[in-house]
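Residue 1142 is where the sequence shown starts when you use this note's numbering, and the numbers rise one by one after that. Okay, so here's the structure we're looking at.
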Amino acid sequence: MRFGFHTQSNAPSTGSAADIYPELRERARAAEAAGFAYFSVSDHVVPFPAVEGPATPVLDPWLALAAVATATERIGLLTLVSNVTLHTPPQLAAAAATLDVISGGRMLLGLGSGGYRAEYEALGLPYPAASERAEMLEETAEAVRMLWERPTTTFDGRHFTLRDAVLEPKPLHRPRLLIGGSGKLTLRSVARHADLANFVLPGPGRLAALIEALGRECADAGRDPGAIEVSVLERVVLAPTSEAAVAKWEALGSPERGGHRGLVGTPADVIAQLRAYEAAGLATAMVFFPDRDADSIELFAERVVPELREAIA
């Protein structure tokens, strides 16, 4: 099993903006040293209310990842995820290609169709219907890949149009696309374009159903579903006892998602939950730690990651 370390919040522990990047850099270095395969950051214009308050710092994800790239050597770097309705395909393709060059070929591009209405209100933009956002995701995934791979790109879509567009530099390698979301139209885009699928807090039972649905879309697209790396984004709350972990989770005010609270419990509890995920078809767990809980991070890196990597190696 692979693991990704997701930074959901950029609030510095000291309260000083000067400490935002040093803390981000050290989280990335620690994740790399612990054997995480990926380091991801959010791509939001305004703070996400389920995670932090309205005054939480929001970093530009591409500048942050470029800085992290210079401080790390092996770990994959990605946005989880970039909202395609707030960026054009050339903007995303160029930012990702630049990160790939800076990082020596470690970039992944995470795409999503958006769904956080407050971002549109903050920017004075209309909030597109779900079907329209899904169409924009499909067009963006196709156009970005064309920009990366072709000398010139002409693209005629309902939402985006390109005429002999040139993107240089190209990425150093064939970049991988992650698409996040679980709707039928999103799964169709995953089947057609993605190298990784990402589902937020699904729980093992729902993940199995999503993988089955993705398999049907892959059959329609003529693609092997085994070529797609299945990942989840999971909340982790760890403690020495199950009762203490649940109490910590309740104190955080973290909401359940479809009756699933996240990976909450002792290291043994979380290992069992991840093994259930693995049995459902999970390949990669992208994890985040509410309030950057140092105890949970330490327990996960020292007790959970080695156990699962050794068990599956």
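We treat Cβ as the ideally placed atom computed from N, Cα and C, and that holds for glycine.
- Here Ala1259 is not bridged, per DSSP, to any residue.
- Residue range 1271-1290 is occupied by the alpha helix (DSSP H) that includes Glu1273.
- Separation of Gly1298 and Gly1251 (C-alpha to C-alpha, rounded to the nearest whole angstrom) is 21 Å.
- Cβ neighbours of Leu1404 within its own chain (closer than 6 Å, five residues either side excluded): Glu1375, Val1377, Val1411, Gln1414.
- The beta-carbon separation of Leu1348 and Ala1421, rounded to 5 Å, stays under the 8 Å limit for a contact.
- For the pair Thr1226 and Gly1255, the CB atoms are nearer than the 8 Å cut-off.
- It is roughly 18 Å from the alpha-carbon of Arg1402 to the alpha-carbon of Thr1425.
- Cβ neighbours of Asp1365 within its own chain (closer than 8 Å, five residues either side excluded): Cys1359.
- Annotation: the continuous beta strand (DSSP E) that includes Tyr1179 extends over 1179-1182.
- Annotation for Asp1297: the continuous beta strand (DSSP E) segment containing it runs 1294-1297.
- Nearest to Val1187 by alpha-carbon distance, out of Ala1178, Phe1180, Pro1198, Ser1181, is Pro1198.
- Exposure of Gly1156 is indicated by the presence of fewer than 16 other C-beta atoms within 10 angstroms of its C-beta.
- The C-alpha of Thr1239 lies about 15 Å from the C-alpha of Arg1286.
- Our two residues, Glu1273 and Leu1337, have alpha carbons roughly 22 Å apart in a direct line.
- The alpha-carbon of Pro1163 is positioned some 22 Å away from that of Ala1236.
- Around the beta carbon of Pro1267, a 10 Å sphere encloses fewer than 16 other beta carbons of the protein chains shown; the residue is thus reported as exposed.
- Of the residues Lys1311, Leu1355, Pro1431, Glu1353, the one whose Cα lies closest to the Cα of Glu1391 is Pro1431.
- Contact between Asn1339 and Gly1321 holds: CB atoms are separated by about 4 Å, below the 8 Å threshold.
- Pro1396 sits away from Leu1440, with the two beta carbons spaced by 8 Å or more.
- A residue is called buried once 16 or more other Cβ atoms fall within 10 Å of its Cβ, and Val1209 is buried on that count.
- The continuous alpha helix (DSSP H) containing Ile1243 extends over residues 1230-1244.
- Each residue's CA atom was taken as its position, placing Ala1362 and Ala1196 some 44 Å apart.
- Short of 6 Å from the beta carbon of Val1307, and not among the five residues preceding or following it, lie these beta carbons of its own chain, in chain order: Thr1293.
- Bridge pairing for Met1248: Leu1218 [DSSP].
- Counting of Cβ neighbours within 10 angstroms places Glu1173 among the buried residues, the total reaching 16 or more.
- DSSP places Ile1412 in the uninterrupted alpha helix (DSSP H) bounded by 1408-1421.
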